[in-house]
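Asks: Sending over a structure as structure tokens; questions will come in a sec.
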Amino acid sequence: MGRNLLVRCGASVLCGPDGLVVTFPNGYSVNCSMTMIQSGSQMMLSADTSPTAEGQWADIYWGLLEPANRQNNGIQSLCNQWRPWVQMLHPYAPPADPLHVTLPYDRDDNEIYQQAFYQHLEGTQWDISSSCILLGKGGVAGVVELTAEQLEWYEMSEEAIPHVTLAVHAKHQAKNLGPMSKHLMALTDWVWT
């Protein structure tokens, strides 16, 4: 199946150093790397360089979360406790990427931010605290309270609030959860549970 068809079906397609992984809305994942498949028919895709493709690419910087362990249960552990109830509401799939806080979504090739990020943050993992988990049509997100030092790196305040994508609805993308989180936190007619 083509990438566009897979995405329309709600699957996420993630290219990484280990190959291509397709994750379906029910959580089933398929590793499509050459080491896992005995097929020579796979081809690499190149960037669309047509004039209409301008502005479609961006550098996305992350504050990568520390993985949960025995000392640190983490936000993923809390989300897993609520998963049976959440799955009854909507068919959410886990995010394709590791848990992270998106910092800037850079469409302008900001070399100053890029250089500072690679010098100070690349390869580090963040310890964060979360005040709540939000469920919406687009998915499940944990609202994040950043430290003053972490907040210096965050540059998405106009369209989103700091959050971690925990699950994504088949008809939405992870990038929709920042605006969704900002909208839900601005509402005044909901109650804590």
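Each residue of the sequence shown is one higher than the one before, starting from 11 at the first, in the numbering used here. C-beta: ideal position from N, C-alpha, C; glycine also.
Does the structure place the stretch 111 to 128 close enough to the stretch 159 to 174 that three or more beta carbon pairs sit under 8 Å?
Replies: yes
Asks: Helix or strand or just coil, what does DSSP make of Gly-148?
Replies: Stepping through the sequence shown from its first residue, residue 148 is reached at position 138. When secondary structure is reduced to three states using DSSP, Gly-148 falls in the coil class, being assigned neither helix nor strand.
Asks: From the DSSP output, in three-state form, read off Ile-171 for me.
Replies: Translated into the one-based positions of the sequence shown, residue 171 becomes position 161. Three-state result, Ile-171: coil.
Asks: If you draw a straight line from the alpha carbon of Cys-142 to that of Ala-196, how long is it in whole angstroms?
Replies: For the purposes of this step, residue 142 is taken as the residue at position 132 of the sequence shown. For the purposes of this step, residue 196 is taken as the residue at position 186 of the sequence shown. Roughly 14 Å between the two C-alpha positions.
Asks: Look at the alpha carbon of Ala-21 and the alpha carbon of Cys-42, and state the distance between them as a whole number of angstroms.
Replies: Sequence index remark: in the sequence shown, residue 21 carries index 11 (1-based). Sequence index remark: in the sequence shown, residue 42 carries index 32 (1-based). Taking the straight line joining both Cα atoms gives about 14 Å.
Asks: On the three-state DSSP scale, how would you describe Cys-42?
Replies: Along the sequence shown, read from residue 1 onward, the residue named residue 42 stands at position 32. Coil.
Asks: Could you check whether Val-150 and Val-96 sit closer than 8 Å to each other, using their CB atoms as the reference points?
Replies: As a first step, residue 96 is located in the sequence shown; it is residue number 86 there, counting from the start. As a first step, residue 150 is located in the sequence shown; it is residue number 140 there, counting from the start. Yes, Cβ-Cβ distance for Val-96 and Val-150 is below 8 Å.
Asks: According to the Cβ coordinates, are Trp-136 and Leu-75 closer than 8 Å?
Replies: Stepping through the sequence shown from its first residue, residue 136 is reached at position 126. Stepping through the sequence shown from its first residue, residue 75 is reached at position 65. Cβ atoms of Trp-136 and Leu-75: closer than 8 Å.
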